[in-house]
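Engineer: When the count follows this note's numbering, it moves up by one through the sequence shown with no breaks and lands on 316 for the last residue. Every residue gets a Cβ at the ideal spot worked out from N, C-alpha and C, and that includes glycine.
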Amino acid sequence: MHKLNIIFMGTPDFAVPTLELLAKNFNISLVVTTPDKQAGRGLKLQPSPIKLKALELQLPIAQPISLKDPSFLEQLKDINPDFIVVVAFRIVPNEILSIPKYGTINLHPSLLPKYRGPSPIQWAIINDEKITGVTTILLNDQIDGGPILLQNTEPIYDTDNFESLHNRLKVKGAQLVIDSIIGLVENTINPKKQEQIYEQEKIYAPKITKEICKLDLNKSCKYNWRVVRALSPKPAAFVYLINSQKNNLVLKIFDAEYKITNSMPGQFIILDKNTFAIGCSDGILIPKTLALEGRKTMSNSDCLRGLQEKEKLFFQ
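1. Is it right to say residue 261 is buried, meaning 16 or more other beta carbons lie within 10 angstroms of its own, or is it exposed?
2. Whether or not the stretch 281–290 and the stretch 221–229 are in contact is what I'm after, with contact meaning three or more pairs of Cβ atoms, one per stretch, closer than 8 Å; do they touch?
3. Using CA coordinates, which residue listed in 34, 210, 52 is at the minimum distance from residue 63?
4. Is residue 146 helix, strand or coil by DSSP?
5. Mind checking residue 39: buried by the 16 CB within 10 Å criterion, or exposed?
6. What residue does the beta strand (DSSP E) around residue 256 start on, and which one ends it?
7. Determine whether the beta carbon atoms of residue 213 and residue 231 lie at a separation below 7 Å.
8. Please report how far the alpha carbon of residue 271 lies from the alpha carbon of residue 315, in whole angstroms.
9. Can you tell me which of the three DSSP states residue 151 falls into?
10. Indicate the three-state DSSP secondary structure (helix, strand or coil) for residue 96 in the structure shown.
11. Run through DSSP, which three-state label would residue 83 get?
12. What does the alpha-carbon distance come out to for the pair residue 310 and residue 285?
13. Using the Cβ count rule (16 or more neighbours within 10 Å means buried), how would you classify residue 133?
14. Rounded to whole angstroms, how far is the Cβ of residue 96 from the Cβ of residue 76, which I believe are closer than 8 Å?
15. Once you ignore the five residues that flank residue 237 on each side, which residues in its own chain have a CB closer than 6 Å to its CB?
16. Do you know offhand how far residue 185's Cα is from residue 107's?
17. With burial defined as no fewer than 16 other Cβ atoms inside 10 Å of the residue's Cβ, what is the status of residue 93: buried or exposed?
18. Distance check for residue 117 and residue 143, CA to CA, integer angstroms please.
19. Taking DSSP as the reference, what is the three-state secondary structure of residue 345?
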């Protein structure tokens with residue numbers, strides 16, 4: 001196979017293994033990523049993980065403000081790519097989709113058409129899925145709705161949180177992109193419309209908002225345990241800890257256990273001198289690693305020791 005000419009588009013850490021593997025196998029003519037953004041206390045401009053990797057690999061970089069900028073579109077056309085590969089990037093306009101010879105491949109971290117949308121890993125955990133995976137599609141004008149090329153499954157373990165599952169899927173996805181490129185060039189892949197593969201109702205994976213991060217203590221303890229896992233380590237699930245002055249302290253929870261037992265939603269429960277729990281509808285959630293907003297991560301026992309008037313505390 002000749003050295004294929006590829007343009008890569010991506011931004012976050014999830015896209016890094018794909019860029020690395022593509023660079024080992026093909027010619028990367030251009031890496032497109034978002035403009036540097038202000039971040040941190042000093043609000044210094046910070047490059048995306050993909051820009052950092054592209055600099056390390058000494059690849060050419062473009063950071064257009066608009067993907068419809070005429071000069072940027074001409075730059076892409078001049079490269080005359082065989083493929084454009086898109087991983088965790090912006091919505092790519094139709095003007096770009098028609099440029100590459102074989103098409104524009106997108107990697108999505110779910111078994112499409114299940115969990116179309118921006119947060120498929122989180123929602124797979126929240127919804128108690130036992131299996132998820134990665135999918136490559138040919139991009140079209142439907143968001144996450146293009147013809148499916150290849151899929152690969154990955155189990156979801158009870159020990160998984162967002163970070164651990166994310167890290168396995170990004171590696172598995174990188175190889176799937178390579179296999180998809182080779183399959184299209186060698187004409188061994190027959191792209192299938194998503195409706196041909198699944199008959200079940202599509203499940204959407206909306207953006208994770210602050211409302212989703214707040215635990216619903218009127219729901220089951222197991223449900224809230226899954227939310228904790230799905231949002232760990234960032235942005236992290238939280239509850240309000242209400243003290244005797246009626247102050248709302250934000251308690252972020254990064255790791256927890258659950259136990260089905262008699263309890264009241266929102267109840268502050270002291271299990272022993274080193275452990276407190278949070279009452280849910282059918283049991284308790286026991287934080288293991290947590291942090292009061294603005295403070296360092298701590299254990300359950302460290303947090304409990306620092307709380308005053310424990311008999312007046314409750315959660316909301």
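Structural biologist: Answer, in terms of the structure:
1. Against the sequence shown, residue 261 aligns to sequence position 261. By the C-beta density criterion, residue 261 is exposed, having fewer than 16 other C-beta atoms within 10 angstroms.
2. In short, these stretches touch, since the Cβ pair count reaches three.
3. On the sequence shown, residue 63 is found 63 positions in, with the first residue counted as 1. Nearest of 34, 210, 52 to residue 63, Cα basis: 34.
4. Position 146 of the sequence shown, counted from the start, is the residue given in the question as residue 146. Correct three-state label for residue 146: coil.
5. Within the sequence shown, residue 39 is the residue found at index 39, counting from 1. Exposed, by the Cβ-count rule.
6. Residue 256 sits at position 256 when you count from the first residue of the sequence shown. Per DSSP, residue 256 is one residue of the beta strand (DSSP E) stretching across 248–260.
7. Numbered from 1 along the sequence shown, position 213 holds the residue referred to as residue 213. Numbered from 1 along the sequence shown, position 231 holds the residue referred to as residue 231. Taking 7 Å as the Cβ cut-off, residue 213 and residue 231 qualify as a contacting pair.
8. Position 271 of the sequence shown, counting from 1, holds the residue named residue 271. Position 315 of the sequence shown, counting from 1, holds the residue named residue 315. Whole-angstrom Cα-Cα distance: 16 Å.
9. The count along the sequence shown starts at 1 and reaches residue 151 at position 151. DSSP places residue 151 in strand when its eight states are reduced to three.
10. Stepping through the sequence shown from its first residue, residue 96 is reached at position 96. Helix at residue 96.
11. Residue 83 sits at position 83 when you count from the first residue of the sequence shown. Strand.
12. Along the sequence shown, read from residue 1 onward, the residue named residue 310 stands at position 310. Along the sequence shown, read from residue 1 onward, the residue named residue 285 stands at position 285. C-alpha separation (whole angstroms): 17 Å.
13. Position 133 of the sequence shown, counted from the first residue, corresponds to residue 133. Burial call: buried.
14. Along the sequence shown, one-based indexing puts residue 96 at 96. Along the sequence shown, one-based indexing puts residue 76 at 76. The pair is a contact, with the Cβ atoms about 6 Å apart (cut-off 8 Å).
15. Taking the sequence shown and counting its residues from 1, one reaches residue 237 at position 237. Counting only Cβ-Cβ distances below 6 Å, and skipping sequence neighbours, we find 213, 215, 227, 228, 231, 253.
16. By one-based count along the sequence shown, residue 185 stands at place 185. By one-based count along the sequence shown, residue 107 stands at place 107. Taking the straight line from one Cα to the other gives about 17 Å.
17. In the sequence shown, residue 93 corresponds to position 93, counting from 1. Counting every other CB atom within 10 Å of its CB across the protein chains shown gives residue 93 a total below 16, marking it as exposed.
18. Start at 1 with the first residue of the sequence shown, and residue 143 comes out as number 143. Start at 1 with the first residue of the sequence shown, and residue 117 comes out as number 117. Going by the C-alpha atoms only, they are around 8 Å apart.
19. No statement about residue 345 is possible, as the shown extent of the chain runs from 1 to 316 and does not include it.
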